[in-house]
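So the sequences go chain by chain: B and C. When you line the first sequence up against my numbering, it's residues 63 to 172, in that order. When you line the second sequence up against my numbering, it's residues 59 to 225, in that order. The beta-carbon is built from N, C-alpha and C at its ideal position, and this holds for glycine as well. For reference, the structure is listed below as structure tokens.
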Amino acid sequence: MRKADTDRELDDFGRFTEPALLILISLADGPKHGYAMIDDIASVAEIRFGPGTLYGAITRLESRGLIERLDAEDRRNPYRLTGLGEKALRARLASIQAIARVGQRRLANA
Amino acid sequence: MSGRWLVRLYPRAWRERYGAEMSAMLEQMSLTPAAVIDLVAGAIDARVAPRVLASRSISSSEKEKAMLSSMMKRCAAGPGLSVRDQWIGASVMLGSCLLFSVAYVFAAHRYRGNELVDAFGVMAFPAALLISMPFTYVKGHSKITQWIIVGVSLAFLAVISYVATLI
């Protein structure tokens with residue numbers, strides 16, 4: 063299975079790949095600041111990232127142009143998905159879905 | 059306890075961009091040991107792999123060249139090290155290594171079979187390397203950053219060395 067170019071955006075994020083993906087998912091329904099992202103990710107994925115992990119992923123996503131920072135609201139800067147970030151998220155979710163389908167099919171035949 | 063002081067472990071350029079919002083976030087959350095470890099790891103990551111300065115106005119090839127040059131400098135001699143710094147770093151590392159080795163031989167002879175002594179032997183060389191870091195790789199950073207990076211690494215090394223001797 064050949065990966066789409068937009069699905070390669072998170073490839074070299076190392077241990078920040080999962081946090082970065084969850085941040086993109088969190089921002090998919092609108093801009094959020096750091097603490098709101100942590101809460102949202104905890105409710106969606108039952109994973110509570112520490113602040114170091116969250117900002118390690120935010121720094122990488124921002125430097126890649128996948129998210130962008132909005133003006134500060136009371137010292138808290140919300141972030142939103144960019145067009146590139148949305149494409150990368152769609153590509154990564156499609157890839158995960160395809161892998162999950164294969165896994166489920168194999169389990170069904172086991 | 060607020061963890062705002064931990065933000066100071068991050069590089070200045072990083073703090074200028076994200077410091078205020080991270081401080082605001084830390085005021086909202088309770089500082090658990092896990093959060094402290096996470097912040098220290100994040101600060102090390104921000105220093106080892108700085109991305110904040112990688113402006114999007116710089117072309118990819120320029121970024122690659124800058125990154126390669128920075129990596130080569132770090133691999134060769136650490137950040138901005140003079141020949142004198144390199145000699146001091148090497149002397150501290152070799153001296154500590156020698157000292158630890160002698161101490162280990164003495165302790166192993168006296169307390170034969172003791173796991174703590176074995177752990178000390180296991181960690182002698184990497185500990186010497188860590189102790190030389192304030193003169194080499196973390197030179198130029200604040201004293202508190204140096205103490206935290208070296209201290210936390212030594213503590214971690216001691217724990218895994220001890221666990222390794224128990225397995």
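Residue burial classification, residue i (beta-carbon count within 10 angstroms, cutoff 16)
{"i": "C:LEU174", "result": "exposed"}
{"i": "C:GLU85", "result": "exposed"}
{"i": "C:TRP72", "result": "buried"}
{"i": "C:ARG170", "result": "exposed"}
{"i": "B:ILE100", "result": "buried"}
{"i": "C:ALA82", "result": "buried"}
{"i": "B:ILE129", "result": "buried"}
{"i": "B:LEU169", "result": "exposed"}
{"i": "C:PHE214", "result": "exposed"}
{"i": "B:ARG163", "result": "exposed"}
{"i": "C:SER140", "result": "exposed"}
{"i": "C:THR90", "result": "exposed"}
{"i": "C:LEU157", "result": "exposed"}
{"i": "C:GLY153", "result": "exposed"}
{"i": "B:GLY147", "result": "buried"}
{"i": "B:PHE111", "result": "buried"}
{"i": "B:ARG61", "result": "The structure shown has nothing for residue 61 of chain B, since chain B only spans 63 to 172."}
{"i": "C:ILE202", "result": "exposed"}
{"i": "C:SER115", "result": "Its pLDDT being 43, under 50, C:SER115 is placed unreliably in this model, and the value from its coordinates should be taken loosely. Flag for C:SER115 reads exposed."}
Own chain, CB closer than 8 Å to residue i, minus 5 neighbours either side, in chain order
{"i": "B:HIS95", "result": "GLU135, ARG138, ASN139, PRO140, TYR141"}
{"i": "B:GLN166", "result": "none"}
{"i": "B:ARG131", "result": "GLU124, ASN139, PRO140, TYR141"}
{"i": "C:ILE146", "result": "PHE193"}
Alpha-carbon to alpha-carbon, residue j and residue i
{"i": "C:VAL208", "j": "B:ALA90", "result": "40 Å"}
{"i": "C:ALA104", "j": "C:SER200", "result": "15 Å"}
{"i": "C:MET181", "j": "C:VAL150", "result": "16 Å"}
{"i": "C:MET191", "j": "B:GLN159", "result": "46 Å"}
{"i": "C:VAL98", "j": "C:PHE183", "result": "24 Å"}
{"i": "C:CYS155", "j": "C:TYR220", "result": "18 Å"}
{"i": "C:GLY198", "j": "B:ALA172", "result": "59 Å"}
{"i": "C:ARG66", "j": "B:ILE161", "result": "42 Å"}
{"i": "B:ASP133", "j": "C:ALA148", "result": "48 Å"}
{"i": "C:TRP205", "j": "B:SER105", "result": "37 Å"}
{"i": "C:ARG142", "j": "C:ARG168", "result": "39 Å"}
{"i": "C:ALA78", "j": "C:SER159", "result": "46 Å"}
{"i": "C:PRO69", "j": "B:LYS149", "result": "31 Å"}
{"i": "C:ILE225", "j": "B:LEU143", "result": "47 Å"}
{"i": "B:ARG77", "j": "C:ASP96", "result": "13 Å"}
{"i": "C:ALA216", "j": "C:MET87", "result": "30 Å"}
{"i": "C:SER113", "j": "C:GLU74", "result": "Low confidence applies to C:SER113: its pLDDT is 47, below 50, so where it sits in the model is not reliable enough to give any reading."}
{"i": "B:ALA156", "j": "B:ALA98", "result": "26 Å"}
{"i": "B:GLY145", "j": "C:VAL210", "result": "41 Å"}
{"i": "C:ALA92", "j": "C:GLN144", "result": "35 Å"}
{"i": "C:ILE218", "j": "C:PHE164", "result": "22 Å"}
Supposed close pair residue i, residue j - CB separation, criterion 8 Å
{"i": "B:TYR117", "j": "C:TYR162", "result": "So it is not a contact: roughly 40 Å between Cβ atoms."}
{"i": "B:LEU151", "j": "B:LEU86", "result": "4 Å"}
{"i": "B:PRO113", "j": "C:MET80", "result": "6 Å"}
{"i": "B:ILE103", "j": "B:SER88", "result": "5 Å"}
{"i": "C:GLY100", "j": "B:THR115", "result": "7 Å"}
Residue i at chain D interface by Cβ criterion, 8 Å
{"i": "B:PRO113", "result": "Note that chain D does not occur in the displayed structure, where the protein chains are B and C."}
Same chain only: Cβ atoms within 7 Å of residue i, ignoring 5 sequence neighbours per side
{"i": "B:ARG126", "result": "GLU71"}
{"i": "B:ALA82", "result": "LEU72, PHE75, ALA119, ARG122, LEU123"}
{"i": "C:LEU275", "result": "Only positions 59 to 225 of chain C appear in this structure, which leaves residue 275 of chain C out of reach."}
{"i": "C:THR223", "result": "GLU173, ASP176, ALA177, VAL180"}
Nonlocal neighbours in the same chain, by C-beta distance under 6 Å from residue i, ignoring five residues either side
{"i": "C:GLY136", "result": "Unreliable placement is indicated for C:GLY136, whose pLDDT of 48 sits below 50; no coordinate value is reported for it."}
{"i": "C:ALA166", "result": "VAL175"}
{"i": "C:ALA107", "result": "none"}
{"i": "B:ALA107", "result": "LEU84"}
According to DSSP, residues forming a beta bridge with residue i
{"i": "B:ILE129", "result": "B:LEU143"}
{"i": "B:ARG138", "result": "B:GLU135"}
{"i": "B:LYS94", "result": "B:TYR141"}
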